[in-house]
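Okay, so here's the structure we're looking at.
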Amino acid sequence: MSFLLNHLGDFGQGVMVTLGLVLLGAAGSVLLGTLLAALRTSPIRTARAVSSAYVLIFRNVPLPVQMVLFVFGLPVLGIQYSLYTSAAIVLVLYTAPFVAETLRAGLNTVDRGELEAGRALGFGPMASLKLIVLPQAFATVTRPLGNVFITMVKNTSVAALVGVSELTFLSDKIAVDEAQPFIIFGGAALCYLVIGLVIGRLVSAVDQKVAFSR
Amino acid sequence: MSTVSLFDPAGPRAKRRHLLLEILTALIVIAGAYLVFRVLYDKGELSAAAWAPFAESGLWALLGQGLWNNIAAAAVGMVLSMITGCLLAFGLVSTHAPLRRTCRVYTDVFSSIPLLLLLYFTSLVLPNYGLKLGDFWFLVIALTLYSGAVIGDLLRSGILALPPGQAEASLALGFSHVGTLRLVLLPQALRSMSPALVSQLIILFKGTALAFVLGGYMELLRSATVIGQYYTRSLLQAQFVAALGFLVVNIALGALAVALERRQNRLAAQEPLPVTAAEPAPVPAHR
Chain V
1 MSFLLNHLGD FGQGVMVTLG LVLLGAAGSV LLGTLLAALR TSPIRTARAV SSAYVLIFRN
61 VPLPVQMVLF VFGLPVLGIQ YSLYTSAAIV LVLYTAPFVA ETLRAGLNTV DRGELEAGRA
121 LGFGPMASLK LIVLPQAFAT VTRPLGNVFI TMVKNTSVAA LVGVSELTFL SDKIAVDEAQ
181 PFIIFGGAAL CYLVIGLVIG RLVSAVDQKV AFSR
Chain F
215 MSTVSLFDPA GPRAKRRHLL LEILTALIVI AGAYLVFRVL YDKGELSAAA WAPFAESGLW
275 ALLGQGLWNN IAAAAVGMVL SMITGCLLAF GLVSTHAPLR RTCRVYTDVF SSIPLLLLLY
335 FTSLVLPNYG LKLGDFWFLV IALTLYSGAV IGDLLRSGIL ALPPGQAEAS LALGFSHVGT
395 LRLVLLPQAL RSMSPALVSQ LIILFKGTAL AFVLGGYMEL LRSATVIGQY YTRSLLQAQF
455 VAALGFLVVN IALGALAVAL ERRQNRLAAQ EPLPVTAAEP APVPAHR
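Read top to bottom, the protein sequences are chains V and F. Quick note on numbering: my numbering labels position 60 of the first sequence as 60, and the sequence is numbered without any gaps. With positions in the second sequence counted from 1, the corresponding number in my numbering is that position plus 214.
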C-alpha cells in the first residue's frame, strides 16, 4: 500500500488541475456561450451567421483535434501559450457552442405571449428581457446546463493528450510506473464520479432555487 | 431550427439602426478575416510550398486511411455498444431488483468516466491479462464500455416513455417478460430514440480521435501528425485537412439526426393517442 501514499500528492495535484480546468472552462464557456446565444438571437443577420458558423465548426470538430491543433499546430503561426492555458482555452472554445445551444433552447421555451403581454403592460425591450424572458429561460436551462458542465468535467481529460498533468494524465503515468493499474484507474474514476456528483448536487440546488410553476 | 423573435418588428428608426449595426458587424467580420489571412500569409502558410505535399496521392491515401480507421472504430464500437446497451436496458427495466441495481451502478459509473481514462485503462490493463489485441480493439472496447452505458440509459428512458398499455397488452397476449421487451418495447424504444442514438454515434466518432494517444493507431489526427513530421512545412495544413474531415462527417451525421427527429415528430403528430411520457426524453446532444 506504500505506493498509494507515495502518489497521494500526485493524485491531489491532478485533481486540483482538473478542478481548475473545470472552473476556468465553466466560467469561460458561460461567457462565450452567452455571447454566442445573444448574437444568435439578435436582429442583425451577420451576427446570427457568425454565431451559427462558430457553433457549427467548433461543435463538430472533435475536442482532441482542436486540442492538438491549438497546442501543436498554432505555434507555427507564433501563437503559443502554456499547456494549461491552451487546454483551458480549447475547452472553452469547444464547450461554448453547447452552452449557447442550451441557452437558445431555453429562450425558445418562453412563450411569445409572455412578450406580447409584457409589451402591452408597457415593458420596454430591455425590461421585458430582464424581468420576463431571462428568469424563465434560466429556470428551464439550469439542468441541461448542468449536464453540459458534467460532460465538460469528462472532457477536461482530453488535456492529457497534450501533456497537461491533470487527473487522467497523472493516473496513466503512475499506472505505467507502478503496475497497479486497477487501483490507480479506479481511484481516478472515483474522483471523476465524485466531481460529477458534486456538480449534479449543485445543479439540483440551483434548480430548486430558480424553479417556478408555469 | 427556429428561434423565437425576442423583438418587435422593427420600425423605421430601428431599421436604420439595424442597418448600421449590420454594416458594423460585417466590417468587424471582414477585419477579423483579413487579420487571419494576413497572419497566415505572412507566415507563408498559404504559399504553394506549404501545400505542395498535398499534390501527392499517397498523402491523400494516408489521410483517407486515417479517416476510414476512425469511421471503422466508431462503427464497430456503435454496433457493440448497441448490443450492450440493449442488454443493459433489459436489466435497467427488469423487475429483479439486484440485477436492476447492478445495471444502474454500471451505467452511472461508466457514463461519468472520461473516455480517455477508459482508453488508457484498456490499453494498459488488457495486455497484462494476455489479451494481445491491436490498438483498434483497445479503442473499440473503451468506446463500448462508455457508450454501452449511455445507450442503455437512453433505451431505458425510451422504454419507460412508451404507454403502459403496450406492455400490458403484450403480456395479456401471452408474451413472456423477455418476449415483451424484445419484440414489443425495444423496437419502439429504438425507433423513438433513433435521433439520440445518432447523436451518440457522433460522440463515438469524435471519441475515436482520442486514439491519438495510442501512437500506433493511424487514425486521422495521428495521420495528420505523421504528415507534419515528414513535411514539417505542412503541419498546420495537414491538421487543418484532418479537422475538415472530422467536420464533414460530423455535419453529415448531425443532419441525419435532425432528419430522423423531424420524421419522429411527423409520426408523433399522426398518432391517434397522445403518448404519455413517463419521463421526459433526454435532449439529444452531441458532444
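Note that beta-carbon positions come from the ideal geometry of N, C-alpha and C, so glycine has one too.
Nearest chain A C-beta to residue i closer than 8 Å, yes or no?
i	result
F:Ile441	The structure shown contains no chain A; its protein chains are V and F.
Kindly say whether residue i, judged by its beta-carbon, lies nearer than 8 Å to any beta-carbon of chain F.
i	result
V:Leu134	no
V:Arg257	This structure cannot settle anything about residue 257 of chain V, because the visible part of chain V is limited to 1 through 214.
V:Gly20	no
V:Asp172	yes
V:Gly113	no
V:Gly106	no
V:Val206	no
Residue i CB to nearest chain V CB: under 8 Å?
i	result
F:Pro328	yes
F:Thr358	no
F:Gln453	yes
F:Lys257	yes
F:Asn283	no
F:Val253	yes
F:Ala247	no
F:Ile365	no
F:Thr321	no
F:Phe389	no
F:Tyr343	no
F:Val412	no
F:Gly468	yes
F:Asn464	yes
F:Ala471	no
F:Phe460	yes
Distance, Cα to Cα, residue i vs residue j?
i	j	result
F:Ile297	F:Asp349	21 Å
V:Ala211	V:Thr142	9 Å
V:Leu39	V:Pro125	16 Å
V:Ile183	V:Ser52	44 Å
V:Ser157	V:Phe169	7 Å
V:Leu69	V:Ala96	18 Å
V:Ser112	F:Leu399	This sequence places Arg at residue 112 of chain V; Ser is not what is there. Taking the straight line joining both Cα atoms gives about 37 Å.
V:Leu31	F:Pro378	44 Å
V:Leu197	F:Asp322	10 Å
F:Ala466	F:Leu306	32 Å
F:Val412	F:Leu369	13 Å
V:Ser42	V:Arg48	7 Å
V:Gly232	V:Val99	Nothing can be reported for residue 232 of chain V, as the shown portion of chain V is limited to 1 through 214.
V:Ala160	V:Leu36	28 Å
F:Ala275	F:Arg447	19 Å
V:Ile195	F:Met432	33 Å
F:His232	V:Ile44	6 Å
F:Ser337	F:Ile237	54 Å
F:Ser295	F:Leu359	7 Å
V:Tyr192	F:Leu302	22 Å
F:Ala240	F:Phe426	38 Å
Quick one: is residue i buried, meaning 16 or more other Cβ sit within 10 Å of its Cβ, or exposed?
i	result
F:Ile441	buried
F:Asn479	exposed
V:Pro64	buried
V:His7	buried
V:Asp177	exposed
F:Ser216	Bear in mind that a pLDDT of 45 at F:Ser216, under 50, signals an unreliable position, so the number given afterwards is only what the model happens to contain. F:Ser216 is exposed by the Cβ-count criterion.
F:Val354	buried
F:Leu387	exposed
F:Arg230	exposed
F:Phe251	exposed
F:Pro226	exposed
F:Gln414	buried
V:Glu101	buried
For a test of the three-state rule: what should DSSP assign to residue i, helix, strand or coil?
i	result
F:Ser371	helix
V:Ser42	coil
V:Asp243	There is simply no residue 243 of chain V to check, as chain V begins at 1 and stops at 214 in what is shown.
F:Met292	helix
V:Leu103	helix
F:Leu260	coil
F:Lys376	In the sequence as presented, Lys is not what sits at residue 376 of chain F; that position holds Leu. Coil.
F:His310	coil
V:Gln80	coil
V:Met179	The identity of residue 179 of chain V in the sequence shown is Ala, whereas the question assumes Met. Coil.
V:Phe212	coil
F:Met432	coil
F:Ala287	helix
- Task: Give the residues from the stretch 142-154 of chain V that approach chain F closer than 9 Å (Cβ to any Cβ), ordered along the chain.
- Result: So the close ones are Pro144, Asn147, Val148, Ile150, Thr151, Met152, Val153, Lys154.
- Task: Note down, in chain order, all residues in the stretch 15-43 of chain V with a beta-carbon under 9 Å from any beta-carbon belonging to chain F.
- Result: Those would be Leu39, Arg40, Thr41, Ser42, Pro43, in chain order.
- Item | Members of the stretch 43-68 of chain V that neighbour chain F once the beta carbon cut-off is set at 8 Å | Residues of the stretch 43-68 of chain V that bring their beta carbon within less than 8 Å of a beta carbon in chain F comprise Pro43, Ile44, Arg45, Thr46, Ala47, Val50, Leu56, Ile57, Arg59, Asn60, Val61, Pro62, Leu63, Pro64, Val65, Gln66, Val68, in sequence order.
- Message: To be precise: take each residue of the stretch 186-198 of chain V, compare its Cβ to all Cβ atoms of chain F, and keep it if any distance is under 7 Å. Which residues remain?
- Response: Sequence-ordered contacts of the stretch 186-198 of chain V with chain F read Ala188, Ala189, Tyr192, Leu193, Gly196 [C-beta pairs closer than 7 Å].
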